[in-house]
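Visitor: Residue numbers (the numbering used here), protein chains in the order written: chain F, 905 to 1019; chain L, 9 to 122. Dropping a structure here in structure tokens format, bear with me for questions.
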């Protein structure tokens, strides 16, 4: 079974600074998907960014980018020019590219942006 | 387009009571899921369904039951509620083959068992 580990339970950063959230995973598969979800205080789960394992280029969505290191099984999220609205729980998640489409989540990182 | 709708948003149950958490989606998604979120534990899969009439257990199914009689609806039944079932419950859905889109989540149900 796949596992996803987020080793930073909490982080804080000053507004406008850059912050990186870590995620590692364990799998024997070669083809899969990785996701970062954001959960603000409203509790809604929002997809931030996705990465397909067979794509070597790191995904980017505006101020959000990932550093995908397949050999190291690492998938970190970088938030540039952080904003107060980025304050949230962030979950890393893994999905195989075969069979059912179950998502396996990490335990989350609580990010606080300080004004 | 409402997406995934969960009801109720909050509920307090007494030990031993039963209830059904409702989930409906209007995106014609094949797959539907129920997760629970405990503090510091991330989201754990309870049950999932790949289509009407087909359900399967996830990681933490004990104490729960599901049914999927239509594509749209995927209710979660709690029988004999226990304090260990105090959690936030999320329903989600996805369209088969669109793995890159991940899931669409409902807004969650906060359940407290006292």
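Where is the CB? At the ideal position from N, CA and C, for every residue including glycine.
Are the CB atoms of residue 971 (chain F) and residue 984 (chain F) within a distance shorter than 8 Å?
Guide: Position 80 of the first chain, counted from the start, is the residue given in the question as residue 984 (chain F). Position 67 of the first chain, counted from the start, is the residue given in the question as residue 971 (chain F). Not in contact: residue 984 (chain F) and residue 971 (chain F) (Cβ atoms no closer than 8 Å).
Visitor: Within the continuous beta strand (DSSP E) that includes residue 1015 (chain F), where are the two ends?
Guide: Along the first chain, one-based indexing puts residue 1015 (chain F) at 111. Segment 1013-1018, the beta strand (DSSP E) holding residue 1015 (chain F).
Visitor: What did DSSP end up calling residue 114 (chain L) once you bin it into helix, strand or coil?
Guide: The residue labelled residue 114 (chain L) in the question sits at position 106 within the second chain. Residue 114 (chain L): coil per DSSP, three-state reduction.
Visitor: Let me know the alpha helix (DSSP H) ranges lying completely inside the segment 970-999 of chain F, each 4 residues or longer, listed in chain order.
Guide: If we require 4 residues or more, the segment 970-999 of chain F turns out to have no alpha helix (DSSP H) run fully inside it.
Visitor: With a threshold of 8 Å between beta carbons, is residue 1004 (chain F) in contact with chain L?
Guide: Within the first chain, the letter at position 100 stands for residue 1004 (chain F). Residue 1004 (chain F) counts as touching chain L.
Visitor: Rounded to whole angstroms, what's the CA-CA distance from residue 120 (chain L) to residue 19 (chain L)? Just pull it up for me.
Guide: Here residue 120 (chain L) is taken as the residue at index 112 of the second chain, counted from 1. Here residue 19 (chain L) is taken as the residue at index 11 of the second chain, counted from 1. Distance between the alpha carbons of residue 120 (chain L) and residue 19 (chain L) is about 6 Å.
Visitor: Less than 8 Å between CB atoms is the rule here; does residue 1011 (chain F) satisfy it with respect to chain L?
Guide: On the first chain, position 107 is the one that residue 1011 (chain F) refers to. Yes, residue 1011 (chain F) lies at the interface with chain L (some Cβ there is under 8 Å from its Cβ).
Visitor: Assuming residue 958 (chain F) is part of the beta strand (DSSP E), what are its boundary residues?
Guide: Residue numbering aside, residue 958 (chain F) sits at position 54 when the first chain is read from its first letter. No beta strand (DSSP E) holds residue 958 (chain F); DSSP gives it neither H nor E.
Visitor: How long is the line joining the alpha carbons of residue 963 (chain F) and residue 110 (chain L), rounded to whole angstroms?
Guide: The sequence position of residue 963 (chain F) within the first chain is 59, counting from 1. The sequence position of residue 110 (chain L) within the second chain is 102, counting from 1. One C-alpha to the other measures close to 15 Å.
Visitor: Spell out whether any CB of chain L is found under 8 Å from the CB atom of residue 939 (chain F).
Guide: Here residue 939 (chain F) refers to the residue found at position 35 when the first chain is read from its first residue. It does: the Cβ of residue 939 (chain F) has a partner Cβ on chain L nearer than 8 Å.
Visitor: Can you give me, in chain order, the residues of the segment 988-1004 of chain F that have a beta carbon less than 8 Å from any beta carbon in chain L?
Guide: Listed by position, the residues of the segment 988-1004 of chain F near chain L (Cβ gap below 8 Å) are 995, 997, 999, 1001 and 1004.
Visitor: On a CA-only basis, which of L:47, L:54 and L:35 is nearest residue 1007 (chain F)? Give me that one, please.
Guide: Within the first chain, numbered from 1, the residue matching residue 1007 (chain F) stands at position 103. With distances taken between Cα atoms, residue 1007 (chain F) lies closest to L:54.
Visitor: Helix, strand or coil for residue 109 (chain L)? Go by DSSP, reduced to three states.
Guide: The sequence position of residue 109 (chain L) within the second chain is 101, counting from 1. Of the three classes helix, strand and coil, the one that applies to residue 109 (chain L) here is helix, per DSSP.
Visitor: Between the C-alpha atoms of residue 918 (chain F) and residue 49 (chain L), what's the straight-line distance to the nearest angstrom?
Guide: As a position in the first chain, residue 918 (chain F) is number 14, starting the count at 1. As a position in the second chain, residue 49 (chain L) is number 41, starting the count at 1. Going from the Cα of residue 918 (chain F) to the Cα of residue 49 (chain L) covers about 27 Å.
Visitor: Tell me residue 914 (chain F)'s beta-bridge partners as DSSP assigns them.
Guide: In the first chain, the residue the question calls residue 914 (chain F) occupies position 10. BP columns for residue 914 (chain F) point to F:1014.
Visitor: What residues of chain L sit near residue 951 (chain F), judged by a beta carbon separation below 7 Å?
Guide: Locating residue 951 (chain F) in the first chain gives position 47, where the first residue counts as 1. Neighbours of residue 951 (chain F) on chain L, chain order: 110.
Visitor: For residue 122 (chain L), count the other beta carbons within 10 Å of its own beta carbon; 16 or more makes it buried, fewer makes it exposed. Which is it?
Guide: For the purposes of this step, residue 122 (chain L) is identified with residue 114 of the second chain, where counting begins at 1. By the 10 Å Cβ count, residue 122 (chain L) comes out exposed.
Visitor: May I ask which residues mark the beginning and end of the beta strand (DSSP E) holding residue 100 (chain L)?
Guide: Here residue 100 (chain L) refers to the residue found at position 92 of the second chain. Taken as a continuous stretch (DSSP letters only), the beta strand (DSSP E) holding residue 100 (chain L) covers 95-102.
Visitor: Along chain L, in chain order, which residues have C-beta atoms closer than 9 Å to that of residue 1007 (chain F)?
Guide: By 1-based counting over the first chain, the position of residue 1007 (chain F) is 103. Here the neighbours are 41, 43, 51, 53, 100, 102, 110 and 111.
Visitor: So, using beta-carbon positions, are residue 1017 (chain F) and residue 991 (chain F) closer together than 8 Å?
Guide: As a position in the first chain, residue 1017 (chain F) is number 113, starting the count at 1. As a position in the first chain, residue 991 (chain F) is number 87, starting the count at 1. In contact: residue 1017 (chain F) and residue 991 (chain F) (Cβ atoms closer than 8 Å).
Visitor: Taking the runs of the beta strand (DSSP E) that are 3 residues or longer, which of them lie wholly in the segment 44-98 of chain L?
Guide: 51-59, 62-65, 72-74 and 84-86
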